[in-house]
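This report concerns only the one structure given below.
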Amino acid sequence: MATTAYIYDAIRTPRGKGKVGGGLYEVKPIDLVAGLMEAMKERNDLDTSRVEDLIIATGEPVNEQGQNIAKTAVTYSSWDNITTGTQIHRYCAGGLDAVNMAAAKVLAGFESMVAAGGVESMSRLGIGASGAAQGDAWVAMKTYGISQGLGADMVATMDGFSREDVDRYAVMSQQRAAHAEQNGYFKSQVPVVDINGVTILDRNELIRPTSMDNLTKLNPSFKMFNDFGHGDIARLRYPELQEIINVHTPGNSSGVVDGAGLVLVGNEQAGKDTGLAPRARIVACALTGTEPTIMLDGPVPATLKVLKQAGMTADDIDLFELNEAFASVVLRFQQRMGVADDRINVNGGAIAMGHPIGATGAMILGTLLDELERRDLQRGLITLCAGGGIGIATIIERV
C-alpha cells in the first residue's frame, strides 16, 4: 500500500470553440486523447508499460466518444498495450474524479501508476448527445429538475448578486486569461497537432476582449426556462422564491468548447523506476451530494469536507481553482468561504476559456499546478459543481 500519490505530470490541450468551424472541430475526440498521451510520453521519456490504467471522463459517452474511449486510445496510440482503460461519467466533475480515482487506486496499492483525465468534443457531439434519464417529464418533475442556468440565476437571486456583479466578475476572468496566455503562464498546455506534426491549435480560442459596456448589451440566456415551466418547478421546491432574477448571459457563463486534459499519478517507487520527479502530491479528495434543483452549490461543502480530511482551513490554501460554470457560483463560494479575488482563478477560468464538460477538472488541476510553480507557492485546491447536485474537491501540494 502506497503512502503518497504523486502527480508526475499534468498536461492539457488548448480549448477550441465548440461549434462547427471551431479550431478543434475537425479533430476527433480520440485524437485529442491520444495526442496528449503521445505528448506525455515524449516530454517525460515515459516507459508506458509502467502505466497500468487510463481513466478518461466525458460528459457525452456516445458515438465517437463512446464505448470506452480510454482503452481505444491506448490501442490507437503508441502506448504499451499493457495499459488498460476505462471511461467514467460524473457530469462536470468527471475529469477531476478520474484523477481522484487514480490517486485512490495508487494509495490502495492496486496500481503503481495511472493516467487519468477527460475529453469533450462539444462541437462534434453537443450537449445532450447521449440523452438523459431526467429527460422524461415525470422524472424531471419528481426530481425537481430544471435548467442548470436557471439554477445559477437562483443562486444570484438568493445571494443578492446583481447583473453588474456577475458581469464584473466575467470581465476580470477574461482579462486574467488574456494576460496569462500572452505571458506564457500556461506552460503545461500542449498544442494539438495533426498526423504530420503541423499545429492545429496552440491557443485558447474563446478568450476575447471584453468590457462592462459590451456585456451589458447581452440578453439573459435562461429567461425562457423561467417563463416556460422550469420556474414553476423551482418555486415548488423553493416557495419563498417568488421571483427569479435572470442575470446570466453568454458573457458571464462558461463557454462551449472542445478540449482534453491528462494527469499522470503514481507512487514513489514508480517515479524512481521511470526516472520521473514528482511535481506535486495529492493531499486529499472529496465528493458530496447537494440539493439537486439549484445543483450548483457543491463547491462549498466539498471544499469544507476536503479541508477537514486534510486537517486544514481555507487559510492554508495558497490558490483556489473553481470551475466558472457561472459567475454566481464563484461569487457564492468566495462569499461563504472568505476567499478574496487574489487567491481564486488568478489566470481566468471557464467564462473566458470555456468548459469542456468531462475534461475540465483535469485541465484546471494542471492550470493550478502551473501557477503554483510559477509563483513558488505550495498548496492549491481544485473544486467544481456538477449536474444533479454534486460537489468535488481536491487538494494538491508541491513537493
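Position 393 of the sequence shown, counted from 1, bears residue number 446 in our numbering, the numbering being contiguous throughout. Note that the Cβ used here is the ideal one computed from N, Cα and C, for glycine as well. For clarity, every value in this text was computed on a predicted model and none was experimentally measured.
Just to confirm, is the Cβ distance from residue i to residue j under 7 Å?
| i | j | result |
| --- | --- | --- |
| Gly402 | Glu377 | yes |
| Asn320 | Ser165 | yes |
| Asn267 | Ala380 | no |
| Leu349 | His283 | no |
| Thr343 | Gly198 | no |
| Ala367 | Ala446 | no |
| Ser174 | Pro82 | yes |
| Cys145 | Leu418 | no |
| Ile286 | Met207 | no |
| Arg385 | Ile60 | no |
| Val318 | Ala157 | no |
| Gly71 | Val246 | no |
| Val167 | Asp106 | yes |
Where does residue i fall in DSSP's three states?
| i | result |
| --- | --- |
| Thr101 | helix |
| Glu293 | coil |
| Val115 | coil |
| Asp371 | coil |
| Glu173 | strand |
| Ser306 | strand |
| Thr128 | helix |
| Met94 | Position check: residue 94 holds Lys in this sequence, whereas Met was assumed. Lys94 falls in the helix class under three-state DSSP. |
| Val383 | helix |
| Arg68 | coil |
| Gln242 | strand |
| Gly284 | helix |
| Leu430 | coil |
| Gln140 | strand |
| Glu234 | helix |
| Ala63 | strand |
| Gly442 | coil |
Going by C-alpha to C-alpha distance, which of the options sits closest to residue i?
| i | options | result |
| --- | --- | --- |
| Arg229 | Ser176, Ala405, Thr56 | Ala405 |
| Asp394 | Leu160, Lys70, Leu372 | Leu372 |
| Asn134 | Gln120, Ala355, Leu437, Thr125 | Thr125 |
| Asn400 | Gln362, Asp247, Met90, Asn236 | Asn236 |
| Gln362 | Gly88, Cys338, Val310, Gly440 | Cys338 |
| Thr210 | Gln120, Asn279, Ala155 | Asn279 |
| Thr269 | Val251, Asp255, Leu254, Val219 | Val219 |
| Gly213 | Pro262, Gln388, Phe275, Asp106 | Gln388 |
| Met265 | Ala182, Glu293, Glu217, Thr252 | Glu217 |
| Glu95 | Gly188, Leu329, Leu375 | Leu329 |
Could you name the residues of the same chain whose beta carbon sits closer than 6 Å to that of residue i, not counting the 5 residues immediately before and after it, in chain order?
| i | result |
| --- | --- |
| Arg432 | Ile370, Asp371, Glu450 |
| Arg177 | none |
| Leu340 | Ile445 |
| Lys358 | Ala339, Thr341 |
| Met390 | Ala367 |
Compare the C-beta of residue i with all C-beta atoms of chain D and state if any pair is closer than 7 Å.
| i | result |
| --- | --- |
| Thr101 | Looking at the structure shown, chain D is missing, and only one protein chain is on hand. |
Taking 7 Å as the limit between beta carbons, can you name the residues of its chain near residue i, skipping five residues before and five after?
| i | result |
| --- | --- |
| Arg428 | none |
| Pro455 | Nothing can be reported for residue 455: it is not among the residues displayed for the chain, which extend from 54 to 452. |
| Ala233 | Phe239, Asn400, Gly401 |
| Gly148 | Ala110, Gly170, Gly171, Gly314, Gly411, Ala412, Thr413, Gly414, Ala415, Met416 |
| Ser130 | Ala87, Met90, Glu91 |
Residue i: beta carbon under 6 Å from a heavy atom of the ligand SAM?
| i | result |
| --- | --- |
| Met348 | Within the structure as shown, the ligand SAM is missing, as the structure has no ligands at all. |
Once you ignore the five residues that flank residue i on each side, which residues in its own chain have a CB closer than 8 Å to its CB?
| i | result |
| --- | --- |
| Val224 | Thr263, Ser264, Met265, Leu268 |
| Asn97 | Tyr61, Asp62, Leu317, Thr327, Leu329 |
Worksheet item: Would you call the region 414-423 and the region 236-247 in contact, with 3 or more CB pairs under 8 Å?
Response: With the cut-off at 8 Å, the region 414-423 and the region 236-247 touch.
Worksheet item: Quick one: any contact between the region 71-80 and the region 111-118, if contact means 3 or more CB pairs under 8 Å?
Response: Not touching, per the Cβ criterion.
Item to complete: Evaluate contact between the region 58-75 and the region 308-319, counting only Cβ atoms and requiring at least three cross-stretch pairs below 8 Å.
Response: At 8 Å Cβ cutoff, the stretches touch.
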